[in-house]
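Asks: Just passing along the structure, written as structure tokens.
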Amino acid sequence: MKKSRSLKGWSIFALLALFAAGTYVFWAKDPRPPGDPKIGKNAGKQDGDQAIPVVAARARRGDIGVYFTGLGAVTPINTVMVHSRVDGQLMSVHYREGDLVNKSDLLVEIDPRPYRAALEQAQGQLARDQAALANARVDLTRYQMLVPQKAAPEQTLATQEALVKQDEGTVKLDEGAVDAAKTNLDYTTIAAPIAGLVGLRLVDPGNIVHASDANPMLVITQVDPISVIFTLSEDQLPQVLDKLRAKQTLAVEAWNRDMSKKIAQGTLTTVDNQIDQTTGTVRIRATFDNSDNALFPNQFVNARLLVSEKRGVVLLPTAAIQRSSTSTFVELIQPDNTVTMRTISVGVTEGDQSEIVSGLAQGDLVVMTGADRVQEGSLVNPQIQGEPPGGSKSQKPAQSKTKAGPAPPKGGAE
Numbered sequence: 480m481k482k483s484r485s486l487k488g489w490s491i492f493a494l495l496a497l498f499a500a501g502t503y504v505f506w507a508k509d510p511r512p513p514g515d516p517k518i519g520k521n522a523g524k525q526d527g528d529q530a531i532p533v534v535a536a537r538a539r540r541g542d543i544g545v546y547f548t549g550l551g552a553v554t555p556i557n558t559v560m561v562h563s564r565v566d567g568q569l570m571s572v573h574y575r576e577g578d579l580v581n582k583s584d585l586l587v588e589i590d591p592r593p594y595r596a597a598l599e600q601a602q603g604q605l606a607r608d609q610a611a612l613a614n615a616r617v618d619l620t621r622y623q624m625l626v627p628q629k630a631a632p633e634q635t636l637a638t639q640e641a642l643v644k645q646d647e648g649t650v651k652l653d654e655g656a657v658d659a660a661k662t663n664l665d666y667t668t669i670a671a672p673i674a675g676l677v678g679l680r681l682v683d684p685g686n687i688v689h690a691s692d693a694n695p696m697l698v699i700t701q702v703d704p705i706s707v708i709f710t711l712s713e714d715q716l717p718q719v720l721d722k723l724r725a726k727q728t729l730a731v732e733a734w735n736r737d738m739s740k741k742i743a744q745g746t747l748t749t750v751d752n753q754i755d756q757t758t759g760t761v762r763i764r765a766t767f768d769n770s771d772n773a774l775f776p777n778q779f780v781n782a783r784l785l786v787s788e789k790r791g792v793v794l795l796p797t798a799a800i801q802r803s804s805t806s807t808f809v810e811l812i813q814p815d816n817t818v819t820m821r822t823i824s825v826g827v828t829e830g831d832q833s834e835i836v837s838g839l840a841q842g843d844l845v846v847m848t849g850a851d852r853v854q855e856g857s858l859v860n861p862q863i864q865g866e867p868p869g870g871s872k873s874q875k876p877a878q879s880k881t882k883a884g885p886a887p888p889k890g891g892a893e
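Taking the numbering used here, the leading residue of the sequence shown gets 480, the next gets one more, and so forth.
Right under this line is the structure:
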């Protein structure tokens, strides 16, 4: 029994000794080449392994516009619903749907024959009554010579004078009838009252049209120039009115529904004469040169009114600005490429650029992409947006916190 226990003890002792020898050999072996300066907790890491790669943006000085934005709709400056002014059969149409027509272009023709006949009747009546007037004037002249000679009674002269005036009135009536007949005949050919875009044809040739018809034969809308009517808050109105009183021309941009594309550039024309009390807004009209037909009547647009422009302010990409429940801040990259939080004050934001009122200076470098991976004091390796790899000379390259030995002089080691 004692011999068995003794063998068991020696076996345990031998295993422990073997384990200790293996551990010694493992830790004693040094895989690094002689003279490797990397020691301590950073052994085995290359320079810069601790730097976090980020995309950075540099604060710069520039100009930024102050815009008021409102919802609007494209509204033609002139819209004409073309009706017939006489009754008759529609004989021919001289336009195609969707055509751009010029002012005075022939559009439609109505049967002119009844109105041409009426004109001839009026002209015949006028000629007959003019002849009667001429005869009455001859008689009047004769009586004016006979009455002083007592060859004709004065009553006959007075009657003849009244007859001449009566015939003159009849002739004027006939002249009016002729003019009316000519006008009606002119109305049988309908020309474009304005230049613009013709809509769909509402009446086909062969139909009888009436001056009393409620529906028009066609609609023409002026598209060049064209206007946009949009709304602004009543709080923004005083600043706009001040610019208008100073005779300044304010630029207006028309953007599509999702603000992804600028459609046209125009100018502010006028402001409505009253504020809508139910919405607290005022309607504003801007006029656009629409020679390229980029704007279409009743199209929905976002209107951006340029009220003023701030020049020489500090600008920063909006994507680099972070916000919390209590402050607005950026992750500022210091000259040693460590990060610190910097509270800022933001002014005007326009597109992807924001005005920095306080907290940053021109040339300051801040983290734009990768801010979620850094914290106070983190070492970063910034790739500066808009600058070649390696950053600006004024910004030190990323370095490891582990110090390296001095570089050997050229021509050999020490």
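Beta carbons: idealized from backbone N, C-alpha and C, even for Gly. None of these values were measured; they are calculated from a predicted model.
Express the C-alpha separation of V545 and R783 in angstroms, rounding to a whole number.
Replies: In a straight line, the C-alpha of R783 is about 10 Å away from that of V545.
Asks: Looking at the structure shown, is M560 part of a helix, part of a strand, or coil, going by DSSP?
Replies: Here M560 sits in strand by DSSP.
Asks: Counting only runs that start and end within the stretch 788-824, where is the beta strand (DSSP E) found for 3 or more residues in a row?
Replies: 807-812, 818-822, all fully within the stretch 788-824.
Asks: Whole angstroms is fine: what's the gap from V809's alpha carbon to G541's?
Replies: Distance between the alpha carbons of V809 and G541 is about 19 Å.
Asks: Buried or exposed, going by whether 16 or more other CB atoms sit within 10 Å of the CB of T667?
Replies: So T667 counts as buried.
Asks: Report the option in D768, N777, Q645 whose CA atom is closest to the CA atom of I708.
Replies: With distances taken between Cα atoms, I708 lies closest to N777.
Asks: Over what stretch of residues does the alpha helix (DSSP H) that includes L625 continue unbroken?
Replies: Unbroken alpha helix (DSSP H) run through L625: 592-625.
Asks: Determine the extent of the alpha helix (DSSP H) in which D658 is found, giving its start and end residues.
Replies: D658 -> alpha helix (DSSP H) spans 633-665.
Asks: Going by beta carbon distance, what residues of the same chain come within less than 7 Å of G838, once the five residues before and after it are set aside?
Replies: These residues qualify, in order along the chain: R821, T822, I823, S824.
Asks: Classify M624: buried if its beta carbon has 16 or more other beta carbons within 10 angstroms, exposed otherwise.
Replies: So M624 ends up on the exposed side.
Asks: Judging by CA-CA distance, which residue of G577, I673, V561, V657 is the nearest neighbour of D584?
Replies: Considering only alpha carbons, the answer is I673.
Asks: Pop quiz: E834 and V793 are said to be a contact at Cβ under 8 Å. What is the actual Cβ separation, rounded to whole angstroms?
Replies: Going by Cβ atoms, the distance from E834 to V793 rounds to 7 Å, so yes, they are a contact pair.
Asks: Look up R783 in the DSSP assignment and say whether it is helix, strand or coil.
Replies: Three-state result, R783: strand.
Asks: Please list the terminal residues of the continuous beta strand (DSSP E) segment that includes Q744.
Replies: Where Q744 is concerned, the enclosing beta strand (DSSP E) stretches over 741-755.
Asks: Name the two residues that bound the continuous beta strand (DSSP E) containing D542.
Replies: Counting along the chain, the beta strand (DSSP E) containing D542 begins and ends at 539-554.
Asks: On the CB-based measure, 16 or more other CB atoms within 10 Å of its CB, does T620 come out buried or exposed?
Replies: Exposed.
Asks: Who does L579 pair with in a DSSP beta bridge?
Replies: L579 pairs with L676.
Asks: Under 9 Å between the Cβ atoms of V761 and I812?
Replies: The answer is no: Cβ separation not under 9 Å.
Asks: Could you give the uninterrupted runs of the beta strand (DSSP E) lying entirely in the stretch 675-737, keeping only those of 3 residues or more?
Replies: Those beta strand (DSSP E) runs which fall completely within the stretch 675-737 and span 3+ residues are 675-677, 697-700, 705-712, 730-734.
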